[in-house]
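Visitor: Take 1 as the starting number for the sequence shown in full-length UniProt numbering and just add one per residue.
This is the structure I want to talk about, given as structure tokens.
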Amino acid sequence: MTTRRPIDQHPDPRVRALVKAQLNRRSLLLGAGGLGMAGLLSACGTSGTSGSASGSSAAAGPTAAVDKSAEEKTVAWANWTLYLDYDDASKTYPSLLDFEKTSGIKATYAEDIDGNDSYYGKIQAQLAAGQDIGQDIITPTDWMAGRLIRQGYTQALDHANIPNIKNLRAALKDVDFDKGRAHSLTWQSGFGGIAWNKEKIPGGLKSVDDLWKPELKGRVEVLDEMRDTMGLLMMAQGVDITGDWGDDEFDKALETLTQQIDSGQIRQVKGNSYKEDLVSGDALAVICWSGDITQLNFENGDKWEFAIPESGGTLWSDNMLVPIGSQHKANAEALMNYYYDPEVAATVAAYVNYVSPVEGAKEAMEKVDPSLVDNKLIFPTDEDLKAVSVFRSLSSDEETNYGNKFQTAIGV
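Below, the structure written as structure tokens:
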């Protein structure tokens, strides 16, 4: 492994200063109730559907492609936007360039995932046919990762090719949607909360109900990720989303969502593209993901504030999977192994500002950027995690039922 340039020597000054101003703004992560660090991070891997989905019990599906990694030194990766360290000056991903140099594998990176459901809709037919979707790694959220594994649309990982898997946080090693991590590795974890334009809303927002203020009519957007939007709405109504809730609780929160959409209070329901509307000013307040707001502030002059609502926020993880038709599985495993090096993980975390799944990343951050060692959005404490909850696992029937209701409500 070559020595990477510390953040304080990075050629892009924005990378050096990415989240230093965030510590004061994000002190809201303290709250009452909830699970501790191990429990929450472990639960963060249980937001897929219930039932076994380990390598030995995944549903029979199409046959995995022949691996051509030995002769074709390439790997293609589809991810969400703003989710990998980026140098604006050179228009490159520094850590990915370093991977190419150290591995000899040419990497192609695409910000193709805007939402779990929308991305699934694009690739499902090809996956079902065992075809190559043009990506060797995809990065869906827990529940979608569980669905893909259960349907037989992913390849089992060879842990011998990923020795750095030993650095996976203990709480993430045995998730219910992928026992023993036979098919997946956590990319990042993060929080769902609210954000607003500080200039246009100088008093700020404290609760989800604040989004429904008359002066914000037509300027609010929420996520098309059901577990985040519905999770926040249900918590605002006093529901423990980790517990034994059912149709009554879900339908009551859905009624609120429908009312706010029908009245025009909510402008649009979107995936990652909500960020564009914050930048344009079309949206002033949003239900959103934590790290996005940090990066938007860095790129656009610190215009927005992120907070965990008083009633609580959500906690989730995204996971690296190898699709069934990928012909470069060993190359994909080499890339996963690279990003589980603690120093590389710290470099990525310093940019994306999400919770790192890699043990040793906090210690490595002392070299990368010491100012981020105590950043609660990257390295949350047990106390910090009391303010967030994981949307409980859904059965297959519940996923279909609630998913259809939500999709109908948002007009999909």
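Heads up, the beta-carbon is just placed ideally off N, CA and C, and yes, glycines get one too.
No experiment lies behind these values; they were computed from the predicted model shown.
Using beta-carbon positions only, say whether residue 353 and residue 377 come within less than 8 Å of one another.
Guide: On the sequence shown, residue 353 is found 353 positions in, with the first residue counted as 1. On the sequence shown, residue 377 is found 377 positions in, with the first residue counted as 1. The answer is yes: Cβ separation under 8 Å.
Visitor: Is the beta carbon of residue 400 closer than 8 Å to that of residue 317?
Guide: One-based indexing of the sequence shown puts residue 317 at position 317. One-based indexing of the sequence shown puts residue 400 at position 400. It is not a contact, given that the beta carbons lie outside the stated cut-off.
Visitor: Mark residue 411 as exposed unless 16 or more other C-beta atoms lie within 10 angstroms of its C-beta, in which case mark it buried.
Guide: As a working note, residue 411 is residue 411 in the sequence shown. So residue 411 ends up on the exposed side.
Visitor: Quick one: what's got a C-beta closer than 8 Å to residue 107's C-beta in the same chain, skipping five residues either side?
Guide: In the sequence shown, the residue the question calls residue 107 occupies position 107. These residues qualify, in order along the chain: 74, 75, 76, 77, 96, 99, 100, 335.
Visitor: What residue from 82, 71, 143, 379 has the CA that sits closest to residue 273's CA?
Guide: As a first step, residue 273 is located in the sequence shown; it is residue number 273 there, counting from the start. Closest by alpha carbon: 82.
Visitor: Quickly, what does DSSP pair residue 318 with across the bridge? List them, please.
Guide: The count along the sequence shown starts at 1 and reaches residue 318 at position 318. Note: residue 318 sits in a beta bridge opposite 141, 188.
Visitor: With 16 as the cutoff for other CB atoms within 10 Å, does residue 276 come out buried or exposed?
Guide: Against the sequence shown, residue 276 aligns to sequence position 276. The residue in question, residue 276, is exposed, as its Cβ has fewer than 16 Cβ neighbours within 10 Å.
Visitor: One question on the structure: do residue 289 and residue 190 come within less than 8 Å of each other, judged by their Cβ atoms?
Guide: Locating residue 289 in the sequence shown gives position 289, counting from the first residue. Locating residue 190 in the sequence shown gives position 190, counting from the first residue. In this structure, residue 190 lies closer than 8 Å to residue 289 by Cβ.
Visitor: Contact defined as beta carbons within less than 8 Å: I believe residue 115 pairs with residue 325. What is the distance between those atoms, to the nearest angstrom?
Guide: Working through the sequence shown from its first residue, we reach residue 115 at position 115. Working through the sequence shown from its first residue, we reach residue 325 at position 325. That belief does not hold up - the Cβ atoms of residue 115 and residue 325 are roughly 22 Å apart, past 8 Å.
Visitor: Could you round the C-beta distance between residue 68 and residue 327 to whole angstroms and report it? I think they count as a contact, below 8 Å.
Guide: Taking the sequence shown and counting its residues from 1, the one referred to as residue 68 is at position 68. Taking the sequence shown and counting its residues from 1, the one referred to as residue 327 is at position 327. Contact flag correct, Cβ pair sits at about 5 Å.
Visitor: Does the structure place the segment 387-401 close enough to the segment 230-245 that three or more beta carbon pairs sit under 8 Å?
Guide: These segments touch.
Visitor: Considering only their Cβ atoms, is the gap separating residue 226 from residue 406 smaller than 8 Å?
Guide: Mapped onto the sequence shown, residue 406 falls at position 406. Mapped onto the sequence shown, residue 226 falls at position 226. Cβ distance < 8 Å, so residue 406 and residue 226 count as in contact.
Visitor: At what residues does the beta strand (DSSP E) containing residue 306 begin and finish?
Guide: Start at 1 with the first residue of the sequence shown, and residue 306 comes out as number 306. From DSSP, the beta strand (DSSP E) with residue 306 extends over 304-307.
Visitor: Can you tell me the Cα-Cα spacing of residue 397 and residue 302, whole angstroms?
Guide: As a position in the sequence shown, residue 397 is number 397, starting the count at 1. As a position in the sequence shown, residue 302 is number 302, starting the count at 1. Cα to Cα, the separation comes out at about 43 Å.
Visitor: Would you report the Cα separation of residue 124 and residue 408, rounded to the nearest angstrom?
Guide: If you number the sequence shown from 1, residue 124 lands on position 124. If you number the sequence shown from 1, residue 408 lands on position 408. Looking at the two C-alpha atoms, the distance is approximately 20 Å.
Visitor: Output yes or no for whether 8 Å exceeds the beta carbon distance between residue 237 and residue 213.
Guide: Along the sequence shown, read from residue 1 onward, the residue named residue 237 stands at position 237. Along the sequence shown, read from residue 1 onward, the residue named residue 213 stands at position 213. Not in contact: residue 237 and residue 213 (Cβ atoms no closer than 8 Å).
Visitor: Under three-state DSSP, which class holds residue 245?
Guide: The residue given as residue 245 occupies position 245 in the sequence shown. Reduced to three states, the DSSP call for residue 245 is coil.
Visitor: Apply the 10 Å Cβ neighbour rule to residue 292 and answer buried if 16 or more other Cβ atoms are within range, or exposed otherwise.
Guide: By 1-based counting over the sequence shown, the position of residue 292 is 292. Buried, since its Cβ has 16 or more Cβ neighbours within 10 Å.
Visitor: Answer yes if the segment 344-351 comes into contact with the segment 365-379, meaning at least three C-beta pairs across the two stretches below 8 Å, and no otherwise.
Guide: The answer is yes - the segment 344-351 touches the segment 365-379, with three or more Cβ pairs under 8 Å.
Visitor: According to DSSP, what are the bridge partners of residue 338?
Guide: Taking the sequence shown and counting its residues from 1, one reaches residue 338 at position 338. The partner list for residue 338 (beta bridge, DSSP) is empty, contrary to what the question assumes.
Visitor: Confirm, please, whether the CB-CB distance from residue 321 to residue 162 is below 8 Å.
Guide: On the sequence shown, position 162 is the one that residue 162 refers to. On the sequence shown, position 321 is the one that residue 321 refers to. For residue 162 and residue 321, no; Cβs fall outside 8 Å.
Visitor: Is the distance from the Cβ of residue 284 to the Cβ of residue 201 below 8 Å?
Guide: Residue mapping note: residue 284 aligns to position 284 of the sequence shown, counting from 1. Residue mapping note: residue 201 aligns to position 201 of the sequence shown, counting from 1. Yes. Within cutoff.
Visitor: CB residue 130 to CB residue 63, shorter than 8 Å?
Guide: By one-based count along the sequence shown, residue 130 stands at place 130. By one-based count along the sequence shown, residue 63 stands at place 63. Contact: yes.
Visitor: Looking only at C-alpha atoms, which of 118, 70, 85 sits nearest to residue 103?
Guide: Looking up residue 103 in the sequence shown gives position 103. The residue with the shortest Cα to Cα distance from residue 103 is 70.
Visitor: Do residue 264 and residue 153 have their C-beta atoms within less than 8 Å of each other?
Guide: Numbered from its first residue, the sequence shown carries residue 264 at position 264. Numbered from its first residue, the sequence shown carries residue 153 at position 153. No; because the gap between Cβ atoms is not below 8 Å, this pair is not in contact.
Visitor: Roughly how many whole angstroms lie between the Cα atoms of residue 184 and residue 91?
Guide: One-based indexing of the sequence shown puts residue 184 at position 184. One-based indexing of the sequence shown puts residue 91 at position 91. Rounded to the nearest angstrom, the two C-alpha atoms are 29 Å apart.
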